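Comments concern the structure below.
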Amino acid sequence: SEKRKRHIYDEIIKKKLGDSITLPEKPLSTEYIPYSGGVEPDLLHLPTDDDPVNTDGTSMFVKPITDYWIHSEVSLPQGEEMKSVNVVGRSKDADGSVIGTYDDDPHLNTMLYNALQCFTMLY
């Protein structure tokens, strides 16, 4: 019967994993065994260039954590209203140095960013 099947299934799960009160009789194995399915996995081909950089010496693939806000849409207070803007880049001084210091906490982040106002079309 269906009730008997469910009971057997519950007992198998309880024996293997335990329940909300008791732990399983033997601990589960923590050894990692990669699944292969009987087929040898393809080799992973990594780029031969260990440190890819642009012609100006900047890294090609490493994005600084300070670029977290770039390309995001944020709401800023403008008088009594909130205006949506798109962050387009970091602000730099006359020497080309970034203005401010980065912090993971947005309230402590003193970096200045360039932003463009978002325009909304109403139909």
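Numbering (our numbering), first residue to last: 73 to 195.
Cβ coordinates follow ideal geometry from the N, Cα and C atoms, glycine included.
In this text, all values refer to a predicted model and were calculated from it rather than measured experimentally.
Near residue i, which residues of its chain fall below 7 Å by C-beta distance, leaving aside the five closest residues on each side in sequence?
i, result
"Trp141", "Val159, Tyr185"
By alpha-carbon positions, which one of the options ends up nearest to residue i?
i, options, result
"Pro96", "Ser156, Asp176, Cys190, Glu83", "Glu83"
"Cys190", "Pro178, Asp165, Ser156, Ser163", "Ser156"
"Pro178", "Gly168, Asp139, Thr127", "Asp139"
Between residue i and residue j, what straight-line distance do the alpha-carbon atoms span, to the nearest angstrom?
i, j, result
"Leu188", "Asp176", "23 Å"
"Lys98", "Lys75", "27 Å"
"Ser108", "Asp114", "11 Å"
"Ile80", "Ser73", "11 Å"
"Gly151", "Tyr174", "27 Å"
"Glu153", "Arg162", "25 Å"
"Thr102", "Met183", "45 Å"
"Ser147", "Pro106", "46 Å"
"Ser169", "Gly110", "56 Å"
"Ser144", "Leu180", "18 Å"
Spatial neighbours of residue i within its chain, please: C-beta separation below 8 Å, excluding the five flanking residues on both sides.
i, result
"Asp165", "Ile171"
Using 7 Å as the limit for Cβ to Cβ distance, is residue i near chain D?
i, result
"Val157", "The structure shown has no chain D; it contains just one protein chain."
Please list, in chain order, all residues of the same chain as residue i whose beta carbon is under 6 Å from its beta carbon, the five residues on each side excluded.
i, result
"Asp128", "none"
"Gly90", "Pro96"
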